[in-house]
Amino acid sequence: MMEKILLVDDDEGLLHFLSRFFQRKGYEVTACLNGRAAIEKINKESFDLILLDYKMPEFNGLDTLAEIKAVEVKTPVIIMTAYGTTDLTIETMKKGAYDYLVKPFDRKDLSRIVNDALAISRQMKEIVSFPDSTTVVPASMDRNSHQIIGNSKIMRDIYKLIGQIAEKDVSVLITGESGTGKELMARAIYHHSCRKDKPFIAINCAAIPETLFESELFGHERGAFTGAERTYIGKIERCDNGTLFLDEIGEMSPALQAKLLRVLQEGEIERLGGNRIIKVNVRVITATNKNLEKEVALGGFRKDLYWRLKVISIDIPPLRQRMGDAPDLVDYFLKKFSLEYNRPLCYLSGTALNKLTSYSWPGNVRELENCIRRAVLLSTGDVIAEGNLMIPDPKEEHVLQTLNREQLIERLKEKLEEIIPEILRLSKQNIHTNLIEVVEETLISKVLRECGNNQVQAARMLGISRNTLRHRLKKQLDKQEDDQET
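Quick note, our numbering runs 7 ahead of the 1-based positions in the sequence shown.
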């Protein structure tokens, strides 16, 4: 379905140019010569983006903007103007505009701003919901709705937690492997929050070059650096009173971590090249596939920022730990892609489902989604056979796992070669350390934490029997008691 753009300007020549420009890019375009006509259109149908002229007779751009925002709360509005002053910029942003464009337009600048605004429009309008108590997979689906699928206990506990904290204006840290659905969870929190009618902006901290990231996040003043030809409003300022989602937060540089901490503590920013403090009110949700606690210990992430972000933490399990949800996920994706590609609803054969549920899915739900998408696209009938699923057979997967294991062992050896000389140096200074005990104690403690103190699972991961694990834990406990007595 084509995205819809509304153009509002009293210049017929400009409307003709913009209409052809956007139609060539595949958008459905509606044009109005004044604000009154635009409001009438908006009352009859919804749009994904509105480009609005600032200076129009009778009913000017700012008056029109105020009425638009009363009707189309989640539709981004870009102000078009020949008067690109900083004061105008601030005024339009305060009244809810997403951005501004200075006439005459640079086509690349026009395309970039419109693409950004449409992406945010999609994020805000695509509703994310949870399974209800009676159905796991929805009977009917809408292109603008997404559902988090899973009825396992671990997922139900996550739904309960989100229900408890969504309306509480607190920071949330979402952790989990790549492909587990961390952004979907962030958007679910947003859609169930008291800020659901305000902006939602998602930023992947790993996808933006570090040299551009500060400007993208905090904005910059005109002339702040070479090429800064206009004042640019950063994502945090655009998100005022809304929700900012920072994915891959562990990739953020220390300098920007300090600035983000200021946003959380003081609610203020400064644009790059500026000297004016700007007050902002933003709820921050972050996500990472890294162990931030470990990054803090290694000095790669600020401890004070970590605790500011982790007021509430949600850990999303990998798919292999909730394989009971896999059949429901498959049904959901089959319905989704049949609708998306206008195909008859497909089904998986029994052997195909068995193959799917016996695979470990290292790419998690995202890998499963891509697998089903491909199967729906390439299927010729209504049944997807085992051969239509691009899944490595168990032998191939075992080879990959063996290679990964060998690579990890080599990395472990390299790390030990780095640290052992330091420990031996202590021994030469008569500071004796039982290296084997230190390594064993550290390894056992870490594995137990990963397994939730499940000794059977921990013993299996360590490659020892449960009795051996118990013996070594007792030995560690006895040593601690002896150390306390001495």
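Heads up, the beta-carbon is just placed ideally off N, CA and C, and yes, glycines get one too.
Asked, Found
"Assuming residue 104 contacts residue 85 under a Cβ cut-off of 8 Å, what Cβ separation, rounded to an integer in Å, is found between them?", "7 Å"
"In angstroms with no decimal places, state the Cα-to-Cα distance between residue 79 and residue 41.", "17 Å"
"Is the beta carbon of residue 125 sitting closer than 8 Å to the one on residue 57?", "no"
"Indicate whether the contact test is met: 3 or more Cβ pairs, each with one atom in the region 373–389 and one in the region 349–357, closer than 8 Å.", "yes"
"Have a look at residue 246 and residue 106 and give me their C-alpha separation to the nearest angstrom.", "12 Å"
"If I measure Cβ to Cβ from residue 141 and keep anything under 7 Å in the same chain, skipping five residues before and after, which residues do I get?", "Note that residue 141 scores a pLDDT of 49, beneath 50, so its modelled location is shaky; the value from the coordinates is reported in the next line. For residue 141, where only same-chain residues beyond five positions count, there are no Cβ hits under 7 Å."
"Determine contact between the region 167–187 and the region 120–136, defined as no fewer than three beta-carbon pairs at a distance below 8 Å.", "no"
"Would you call residue 376 buried or exposed, if buried means 16 or more other Cβ atoms sit within 10 Å of its Cβ?", "buried"
"Within its chain, find whatever has a CB closer than 6 Å to the CB of residue 227; leave out the 5 residues flanking it on each side and keep chain order.", "235, 239, 278, 279 and 280"
"Once you ignore the five residues that flank residue 211 on each side, which residues in its own chain have a CB closer than 8 Å to its CB?", "254 and 255"
"Strictly by DSSP, which residues pair up with residue 12?", "36 and 56"
"Assess contact between the region 311–328 and the region 337–346, defined as three or more Cβ pairs (one per stretch) separated by less than 8 Å. Is contact present?", "no"
"Taking C-alpha atoms, which residue in 55, 427, 262 and 257 lies nearest to residue 218?", "262"
"First and last residue of the beta strand (DSSP E) that includes residue 211?", "207–211"
"For residue 290, which three-state DSSP category applies?", "strand"
"Roughly how many angstroms separate the alpha carbons of residue 393 and residue 357, rounded to a whole number?", "8 Å"
"Which class does residue 364 belong to by DSSP, given the choice of helix, strand or coil?", "helix"
"Here's the rule I'm using: 16 or more other beta-carbon atoms within 10 Å means buried, otherwise exposed. How should residue 47 be labelled?", "exposed"
"If you reduce the DSSP assignment to three classes, tell me which class residue 247 lands in.", "coil"
"Between which residues of its own chain and residue 190 is the CB-CB distance below 8 Å, once the five residues before and five after are set aside?", "209, 252, 254 and 294"
"Is it buried or exposed for residue 265, if we count other Cβ within 10 angstroms and need 16 for buried?", "exposed"
"Compute the beta-carbon to beta-carbon distance between residue 274 and residue 287, rounded to the nearest angstrom, for a pair I have assumed lies under 8 Å.", "6 Å"
"Below 8 Å, can you find three or more Cβ-Cβ pairs linking the region 302–318 to the region 197–204?", "no"
"Whose C-beta lies closer than 8 Å to the C-beta of residue 378 among residues of the same chain, with five residues either side of it excluded?", "363, 396, 397 and 398"
"If you follow the beta strand (DSSP E) that residue 322 is part of, which residue opens it and which one closes it?", "319–322"
"Can you check whether the CB of residue 156 is closer than 8 Å to the CB of residue 173?", "no"
"Buried or exposed, going by whether 16 or more other CB atoms sit within 10 Å of the CB of residue 428?", "exposed"
"Going straight from the alpha carbon of residue 369 to that of residue 328, what length do you get?", "11 Å"
"Kindly indicate which residue of 25, 152 and 464 has the alpha-carbon position closest to the one of residue 36.", "25"
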